[in-house]
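Numbering (the working numbering), first residue to last: 411 to 1089.
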């Protein structure tokens, strides 16, 4: 059968069509032949065979299945209208055929008809209230599709409702909970974790993915353990038979350039693209050769992407090829060091790194934390984010540059508006935070309200979310006794105009535990001081790195209480804040934050250091010992929902619980908190 059409046997295919017309082609043979045709690239013939069989076998009790398979073949041929017709015919014959409902909704979605897609899926959900085991998986999938499309359409409340139905149906499946929790964070719905008689807090903790976890908890060990667990689910154990481990090429001392590959979905008008474009332009082309592997959405007239294309030696778009093909391309390009600029962010292609198409993988710039993977050997950070004594919170070997937040000194900035034009009161003290809504926690918001209550006449300027979210925050402010109109929401604006208005504020208030990253760099670029309190995680310490690099370390607070008191003091003593702004301005061009040439030189030194270690056989092996136990302890601590604690107290709590685990079942010693000395 596999070779039936290799020789273009027209007569044989004609006989199949004749048998189909005469109702002499059994269903099993039809499916087998059609599958063989499709697999050999002859989908048009498979579709023709299905079409003829359907036309002359209308009495078959399995006609709906043939229509469904026909629809799949048409979809593979990009004949979406034909596929829709076939799916409708399938459902007319069998209205309970779940997969047809799912595929028809997807077809509508692919045509941009999101409302029809949701209605189609709702039809199936409404018809399957009486759950049976065979219907559960399809109902779950349908609810997840509804939630996904509604979220994309900005219908956040409706998406949340659909996803909660999916969670209660199968609380052991993390996909629905992952999106539901993220939705609640983006809507500032506190508490984020809400249980029911069907769903436990632990199940929701398990569902949370690494990036939203950074917005929820300042626990670097649990963050590491969560990343490691997520990697196992996301990547698993890929087949490496086609990818023999690559030995490093001898480059040190040869005069040959080091070949660096940056993999990212954000090499475009995006915070990461803004951060990297001058870095890529300043790379020493006599020392390093830069390959960019873009895995993001297609872009047209994207100024950042065009600059990056001009800056790199080779640009490759890998968005439309699978992970294996991408890894093969990278291997063929003979990349020495492959840089993961995504981590666990949107459109990440983490599995590419698991194939190890380059001798070494490095995490840099895109994700604020450890990857917890067996195939990321290095992490590039700075000493403020990862002090030497906190390296135990990372599975990678940490190498350092002056500041982890590169900036682009060539960014276009529009003419600044007046406060009135920006919707601000002219003489009020303006606190501001332009972080995404998902970073605003109940505790951070409560501190802001305490600050506003202590500084009459001040306002808080926030980046606008959905109308319902803005109103929710105003209502919450009222419950704290703060006039709702003192919360002012900045509408979305083009980047140049957003930068121009930032400097109108008096003081930027950072969030915790996930602080400002590029937003802090933007604020300081525009002369706006940033007040922050670092915690223990990468995400919570990033902002303090930017503040220190800008030369105003006095705005780094040791505790949330100090943060609150300093904010109040600055509002009541404007000359003291004016002195900070003057200091910020005087060292603007000489600060570490804006010395991008020095950052790039150090980055290249780090790359060559990594290359040397690899050539000498000194490449680190990620230490993942006991991370399953750290995960269990971290999940338990997370449900206690303690916002802030000093590092000594934090480590003591972990050691106490590790000791209890060891009493139950002896643990091997590790290089973190369960050491021979500390046990």
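Quick reminder that beta carbons are idealized off the backbone N, C-alpha and C, glycines included.
The model shown is predicted, which means the values in this text are computed figures rather than measured ones.
Simplified DSSP assignment, three categories, for residue i
i            : result
residue 773  : strand
residue 725  : strand
residue 748  : strand
residue 682  : helix
residue 834  : coil
residue 1016 : helix
residue 414  : Here the model assigns residue 414 a pLDDT of 47, short of 50, so the residue's position is not dependable, and the following value carries that caveat. It is coil, neither helix nor strand.
residue 828  : coil
residue 602  : coil
residue 978  : helix
residue 1060 : helix
residue 451  : coil
residue 996  : helix
residue 577  : helix
residue 1046 : helix
residue 440  : helix
residue 942  : strand
residue 986  : helix
residue 1055 : coil
residue 698  : strand
residue 564  : coil
C-beta contact flag for residue i and residue j at 8 angstroms
i            : j            : result
residue 910  : residue 566  : no
residue 454  : residue 493  : no
residue 702  : residue 718  : yes
residue 957  : residue 942  : yes
residue 1044 : residue 631  : yes
residue 922  : residue 955  : no
residue 645  : residue 668  : no
residue 510  : residue 523  : no
residue 897  : residue 872  : yes
residue 882  : residue 500  : no
residue 674  : residue 751  : yes
residue 919  : residue 841  : yes
residue 473  : residue 1037 : no
residue 912  : residue 933  : yes
residue 435  : residue 457  : no
residue 731  : residue 670  : no
N- and C-terminal bounds of the alpha helix (DSSP H) containing residue i
i            : result
residue 508  : 508-520
residue 424  : 420-431
residue 503  : 490-503
residue 741  : 733-742
residue 641  : 630-644
residue 949  : 948-959
residue 607  : Counting along the chain, residue 607 falls outside any alpha helix (DSSP H), and DSSP gives it neither H nor E.
residue 1084 : Note, residue 1084: premise wrong, no alpha helix (DSSP H); not H, not E.
residue 1031 : No alpha helix (DSSP H) contains residue 1031, which DSSP labels as neither H nor E.
residue 621  : 620-626
residue 848  : Per DSSP, residue 848 belongs to no alpha helix (DSSP H) and is neither H nor E.
residue 757  : Here residue 757 belongs to no alpha helix (DSSP H), and DSSP marks it neither H nor E.
residue 478  : 473-486
residue 964  : That residue, residue 964, is in no alpha helix (DSSP H); it is neither H nor E in DSSP.
residue 593  : 584-596
residue 711  : Looking at the DSSP string, residue 711 is not in any alpha helix (DSSP H), and its letter there is neither H nor E.
residue 532  : 524-537
heavy atom of the ligand ADP below 7 angstroms from residue i C-beta
i           : result
residue 668 : The ligand ADP is not among the ligands present in this structure, which contains no ligands whatsoever.
Range of the contiguous beta strand (DSSP E) that encloses residue i
i           : result
residue 671 : 668-674
residue 843 : 840-843
residue 968 : It is not in any beta strand (DSSP E) - residue 968 carries neither H nor E in the DSSP assignment.
- Task: Could you tell me which uninterrupted alpha helix (DSSP H) segments, each at least 4 residues in length, are contained entirely in the stretch 865-936, listed from first to last along the chain?
- Result: Runs found: 877-889, 905-912 and 928-935.
- Taking 8 angstroms as the threshold, find out whether the stretch 1030-1042 comes into contact with the stretch 824-844 through three or more Cβ pairs. Contact between the stretch 1030-1042 and the stretch 824-844 is absent, because fewer than three Cβ pairs lie under 8 angstroms.
- Query: Taking three-plus beta-carbon pairs below 8 angstroms as touching, is the stretch 681-690 in contact with the stretch 800-820?
  - Reply: With a cut-off of 8 angstroms, the stretch 800-820 and the stretch 681-690 count as touching, because enough Cβ pairs lie within range.
- Item | Any beta strand (DSSP E) of 3 or more consecutive residues that is wholly inside the stretch 764-815 | Taking only runs of at least 3 residues, the beta strand (DSSP E) segments lying wholly in the stretch 764-815 are 770-773, 788-791 and 807-810.
- Task: Pair every Cβ in the stretch 1034-1052 with every Cβ in the stretch 722-742, then say whether three or more of these pairs are closer than 8 angstroms.
- Result: In the pairwise beta carbon analysis, the stretch 1034-1052 is classified as not touching the stretch 722-742: fewer than three pairs are separated by under 8 angstroms.
- Determine, using beta-carbon pairs with one atom in the stretch 657-673 and one in the stretch 981-989, whether at least three such pairs fall under 8 angstroms. Using a Cβ-Cβ distance cut-off of 8 angstroms, the stretch 657-673 and the stretch 981-989 are not in contact, since fewer than three pairs of beta carbons, one from each stretch, lie closer than that value.
- Flag this pair as touching only if the stretch 603-610 and the stretch 1000-1012 have three or more C-beta atom pairs under 8 angstroms; answer yes or no. Contact between the stretch 603-610 and the stretch 1000-1012 is absent, because fewer than three Cβ pairs lie under 8 angstroms.
- Query: So, do the stretch 585-597 and the stretch 1016-1028 have three or more beta carbon pairs nearer to each other than 8 angstroms?
  - Reply: Verdict: no, contact absent.
- Item | the stretch 738-749 / the stretch 999-1009 touching (three or more Cβ pairs under 8 angstroms) | Contact between the stretch 738-749 and the stretch 999-1009 is not established, with fewer than three Cβ pairs separated by less than 8 angstroms.
- Message: Using a Cβ distance threshold of 8 angstroms, determine whether the stretch 638-653 contacts the stretch 777-796, with at least three qualifying pairs required.
- Response: The stretch 777-796 and the stretch 638-653 touch, with three or more beta-carbon pairs separated by less than 8 angstroms.
- Report yes or no: do the stretch 1056-1065 and the stretch 647-656 share at least 3 C-beta pairs separated by less than 8 angstroms? Because the criterion of three Cβ pairs below 8 angstroms is not met, the stretch 1056-1065 and the stretch 647-656 do not touch.
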